[in-house]
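Engineer:
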Amino acid sequence: MAERSKLVEVTRKAYLPERDADKSPVLETVNLGITFGGLKAVDDFNVTIGRTEIAGLIGPNGAGKTTIFNLLTKVYQPTHGTILLEGKDIHGLSTAQINHAGIARTFQNIRLFQNLTVEENITVAMEPRIKYNMFSGIFRLPSYWKGEKIAHERAMELLSIFHMEDFASAKAGSLPYGAQRRLEILRALATNPCLLLLDEPAAGMNPSETAELMENIRSIRDTFQIAVLLIEHDMNLVMNICEGIVVLNFGRVIAKGSPDDIQNNPEVIEAYLGKKKEA
């Protein structure tokens, strides 16, 4: 297991984990923002994420965190600013194209195909990459069965990450809440991302499930050599797993840095706890 890497300065305003400092970032946003009816929901969001970094995006409720994820995945088109994925400007791409380019995500509210099996929920995410066409599927040609075999083996490999192989044939909707959360992460991984966005992955989990999730996120990063950006309200998880943290408040970045930097930042403390009244 890779240890948490310290942040090092790579440009005047950007810090990356030491192990990623000699590589180009997986994600850069420059003055990213969106306006809804004259209201700036996100303004001048600048972040740089290393290729194998586990990064956190935190802030009070309503700070704009999920809006950031929606901008990165083009659920919303930015009003201004630039998003660079592996150095390429992804302006104008659709949500599906963003996924194919390498960004996968989970959601605050679980979005599984409840009536499909656990395995089917994973293999459906692989379909754009399975090499057979409709003709071979209708007539069950050898290329179809080869694709099906590859998809099955890949699904079982992914399920093994969370020790869920025995649930492969179960309906997704029959799984306990925590298992559904894990399945959603595996479905995102099935698209072979270079950047995995996790929106409150520990929501609804008990302390032991959360501790296991932390280890699994590290394992995913190490196994697949990808970056992870997570939104999370569980500060114990954030401070123990994230290398770089960005703090958002009212749509603007108020702090960036290591967990130690963030925990001791007066502006962050004020955003979460409120300003103390003078005696």
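Numbering (the numbering used here), first residue to last: 1 to 279. From the three backbone atoms N, C-alpha and C, an ideal C-beta is built for every residue, glycine too. In this text the structure is predicted, and so the values were computed from the model without any measurement.
1) Since V253 is in the beta strand (DSSP E), which residue starts that stretch and which ends it?
2) For D20, count neighbouring Cβ atoms within 10 angstroms of its own Cβ and tell me buried if that reaches 16, exposed if not.
3) My output table needs one value for P17: the three-state DSSP class, helix, strand or coil.
4) Just how far apart, CA to CA, sit W145 and F113?
5) CB-CB under 7 Å to G64, same chain, minus the five flanking residues each way: which ones, in chain order?
6) Cβ of G56 within 8 Å of Cβ of I269?
7) Would the beta-carbon of A230 fall within 8 Å of that of L27?
8) Pick out whichever of I217, N192, V118 and L186 has its Cα sitting closest to the Cα of A170.
9) On a Cα-Cα basis, can you pick out the residue from L197, H233, S208 and N31 that is closest to T52?
10) Roughly how many whole angstroms lie between the Cα atoms of P17 and I49?
11) Return the Cβ separation of G62 and F45 in integer angstroms, given the expectation that the two are a contact with Cβ distance under 8 Å.
Structural biologist: By the coordinates alone:
1) Taking the first residue of the sequence shown as position 1, residue 253 is located at position 253. Element bounds for V253: R252 to G257.
2) Your numbering for residue 20 matches position 20 in the sequence shown. So D20 counts as buried.
3) Sequence index remark: in the sequence shown, residue 17 carries index 17 (1-based). Reduced to three states, the DSSP call for P17 is strand.
4) In the sequence shown, the residue the question calls residue 145 occupies position 145. In the sequence shown, the residue the question calls residue 113 occupies position 113. Reliability fails at W145, whose pLDDT of 43 lies under 50, so the model's placement of it is uncertain and no value is given.
5) What you label residue 64 is simply residue 64 of the sequence shown in a count that begins at 1. Excluding positions up to five away in sequence, the list reads A41, V42, L248 and G251.
6) Start at 1 with the first residue of the sequence shown, and residue 56 comes out as number 56. Start at 1 with the first residue of the sequence shown, and residue 269 comes out as number 269. Not closer than 8 Å, so no.
7) For the purposes of this step, residue 230 is taken as residue 230 along the sequence shown, with counting starting at 1. For the purposes of this step, residue 27 is taken as residue 27 along the sequence shown, with counting starting at 1. Note that residue 230 is Leu in the sequence shown, not Ala. Their beta carbons are not under 8 Å apart, which means L230 does not touch L27 by this criterion.
8) Position 170 of the sequence shown holds residue 170. Closest by alpha carbon: V118.
9) Counted from its first residue, the sequence shown places residue 52 at position 52. T52 has its Cα closest to that of L197, out of L197, H233, S208 and N31.
10) If you number the sequence shown from 1, residue 17 lands on position 17. If you number the sequence shown from 1, residue 49 lands on position 49. Computed Cα separation, rounded: 9 Å.
11) The residue you call residue 62 lines up with position 62 of the sequence shown. The residue you call residue 45 lines up with position 45 of the sequence shown. Their Cβ separation, rounded to whole angstroms, is 15 Å, which puts G62 and F45 out of contact at 8 Å.
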